[in-house]
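Under our numbering, the first residue of the sequence shown is numbered 174, with each subsequent residue one higher. Ideal Cβ positions, reconstructed from N, Cα and C, are used throughout, including at glycine. Reviewing the structure listed below.
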Amino acid sequence: RGLDFEKFEQTLLERLKTDLPGTTYLASQPIQMRFNELLEGTRSDLAIKIFGPDLKELEKIGEQVEELIKPISPASDVELDRNSGFPMFTIEPNLAAMQKYGVKKADVLELVSLALSGEEVGYFFESDRRFPIIIRLDEENRKDIKIIKNLPVPLFYDTTVPLSAIADIGFKETYASITRDNGYRRATIMVNIRGMDTRTFVDRAQKAVAGNIKLPDGYFMEWGGQYKNLQEATGRLVVLVPLTLLMVFFMIYMTFSRFKQTAFVVMGIPFAMVGGVLSLHITGLPFSISTAVGLIALMGIGVLSSIVLVSALESSEYKGLPLKERIIAASTSRLRAVLMTAFTDLIGFIPMAISTGIGAEVQRPLAVVVIGGITTSIVMTLFILPAVYYKINGRLEKTCYVAHIFIA
174 RGLDFEKFEQ TLLERLKTDL PGTTYLASQP IQMRFNELLE GTRSDLAIKI
224 FGPDLKELEK IGEQVEELIK PISPASDVEL DRNSGFPMFT IEPNLAAMQK
274 YGVKKADVLE LVSLALSGEE VGYFFESDRR FPIIIRLDEE NRKDIKIIKN
324 LPVPLFYDTT VPLSAIADIG FKETYASITR DNGYRRATIM VNIRGMDTRT
374 FVDRAQKAVA GNIKLPDGYF MEWGGQYKNL QEATGRLVVL VPLTLLMVFF
424 MIYMTFSRFK QTAFVVMGIP FAMVGGVLSL HITGLPFSIS TAVGLIALMG
474 IGVLSSIVLV SALESSEYKG LPLKERIIAA STSRLRAVLM TAFTDLIGFI
524 PMAISTGIGA EVQRPLAVVV IGGITTSIVM TLFILPAVYY KINGRLEKTC
574 YVAHIFIA
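Here it is in structure tokens:
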């Protein structure tokens, strides 16, 4: 009680590391972990993949990378996905000893198969049912290494030699699994980033790795997980944001059919963007895809408020008034509409901005950006836009008046 998700997660991990030393942990959530597995085949937010032919060399490089990136963000979870350390019982024929005793490899394989796996030698019938008869060591003897080592291997003239005399028998560590991507063997360092945004962490980690590790020939590294998704999404936004701006400008121009009025309306976009960027700076939130989506949403909100005001300024209702009085009258009449448009969005995003539950890492940046953008958009639309409108139109009126005198 009294802890948000991040503090609870950190407290839980510290308690586990204290009570169960020598173990490593990665904290995640079921849906989040499932998406990470589907996207990159790992359980973490960031996956540093090292590719190469030799598994031992991959593990060695992975350990070096793990030690380099741990100090970058001590609060983050960093774990090398180890595949080694899996014990396996092996029986390897000794070719030199087999030649000495004149034993064929097929005889050794047949003996081991008979003793451990069993061999079907006949059938037992009971009424109309048939049961196979299998010869092999019983379960207890199959677990006893001494008995397996003393299995008699037949030689000539009814003599035998123990299996241990012609084969190396015992346990050795091997790889539980060999992971591959596109046919390349890989080792993976899994990272759940805390206390830092993904781009900043990866930039620092890449500098640390590039300055201390030189990969051998045939080995290469990839940075995947959420960082890869961030790169792909950023690439799409570089294309979508200019297209969105062009579409907004085109639709506004179709509404007013005049470039000057269109420019006044488009001024609402930077008015809103200023607040969005300032809100990120004040709250200390990093730039992410959520914030980018919030900035795109601000384009529409800022334009909407500007359209309401500019439409009133260009309305025939106030055309007969002097410029200054027309601006005051139009701004006053549209004050309630502008405030209603802005405050409905502002109030609706407040619960997302103060949320601390699951999904808050996505909701909060978007909401904070929108709230900050709406705030500055209201102030600038109601005060700066009328002032700019008055300044530009006042100059135009003076220019036209001078032109009329000159012509006359």
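The bridge partners DSSP lists for Ile366 come to none. Residue state for Asp192 is assigned as helix, using DSSP reduced to three classes. Of Asp192, Leu241, Pro559 and Leu512, the smallest CA-CA separation from Arg499 is found for Pro559. Around the beta-carbon of Arg507, 16 or more other beta-carbon atoms lie within 10 Å, marking it buried. Following the DSSP letters along the chain, one finds Pro266 inside the beta strand (DSSP E) bounded by residues Phe259 to Pro266. Residue environment: Asn365 is assigned as buried (16 or more neighbouring CB atoms within 10 Å of its CB, all protein chains considered). With fewer than 16 neighbouring CB atoms inside 10 Å of its own CB, Leu494 falls in the exposed class. If you look at Gly398, you'll find it isn't in any alpha helix (DSSP H); it sits in the beta strand (DSSP E) that goes Phe393 to Gly398.
With a 10 Å radius around the Cβ and a threshold of 16 neighbouring Cβ atoms, Tyr330 comes out exposed.
Across the structure, Ile474 and Ala349 are spaced so that their CA atoms are roughly 55 Å apart. Going by beta carbons, Ala338 and Ile264 fall outside the 7 Å limit. Counting along the chain, no alpha helix (DSSP H) covers Asp341; the unbroken beta strand (DSSP E) around it starts and ends at Ala340 to Thr347. In the DSSP assignment, Ile223 falls within the beta strand (DSSP E) that extends over Leu219 to Phe224. If you ignore the 5 residues before and after Gly448, its C-beta comes within less than 6 Å of the C-beta of Gly545, Gly546, Thr548 and Thr549, all in its own chain and listed in chain order.
In the DSSP annotation of this structure, the continuous segment of the beta strand (DSSP E) that includes Pro335 starts and ends at Thr333 to Pro335.
For the 7 Å CB-CB criterion, Leu289 and Arg315 form a contact. If you keep only unbroken beta strand (DSSP E) runs of at least 3 residues inside the stretch 374-432, you get 393-398. Of the other Cβ atoms in all chains shown, fewer than 16 fall within 10 Å of the Cβ of Gly457; this residue is therefore exposed. Cβ contact annotation for Glu182 (same chain, cutoff 7 Å, sequence separation greater than five): Ala200, in chain order.
With respect to the 7 Å criterion, Arg377 and Ile462 are not classified as neighbours on the basis of their beta carbons.
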